[in-house]
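According to the numbering used here, the stretch in the sequence shown is residues 2 to 86, in order.
Here the structure is laid out as structure tokens; the discussion comes afterwards.
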Amino acid sequence: AKFSRKVTYINHLSQLEEYVHLENIRIPVEVKNFDPVIRLELPKNQIRPTTKFHVSLQFILENEPGETVPIVVRQTIEYIKNCGQ
Numbered sequence: 002a003k004f005s006r007k008v009t010y011i012n013h014l015s016q017l018e019e020y021v022h023l024e025n026i027r028i029p030v031e032v033k034n035f036d037p038v039i040r041l042e043l044p045k046n047q048i049r050p051t052t053k054f055h056v057s058l059q060f061i062l063e064n065e066p067g068e069t070v071p072i073v074v075r076q077t078i079e080y081i082k083n084c085g086q
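Structure representation (structure tokens):
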């Protein structure tokens, strides 16, 4: 329960900017390029509250059996460990 209170899900870099100065962190080019695309492809009213990382929880459970943390979170943690400041 403590962990979930410490994690904030954001959809766009502008939301991240509310918490950190973007010029102070290294943001991969792929993320910068994807940010405008996701705004066009995923209107807010089409994102269902039963999805995380834009896939259903059922999909995550079926495709990552036995895992308690989704792969995108594990990869994010690994990236921060390797490249974070």
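Even for Gly, the Cβ is constructed at its ideal location relative to N, Cα and C.
Under the DSSP assignment, residue 78 falls in the alpha helix (DSSP H) whose first and last residues are 72-84. Distance between residue 71 and residue 15, taken at the CA atoms: about 24 Å.
Contact between residue 6 and residue 84 does not hold, since the beta-carbon distance rounds to 25 Å and is not under 8 Å. Per DSSP, residue 14 is one residue of the alpha helix (DSSP H) stretching across 14-17.
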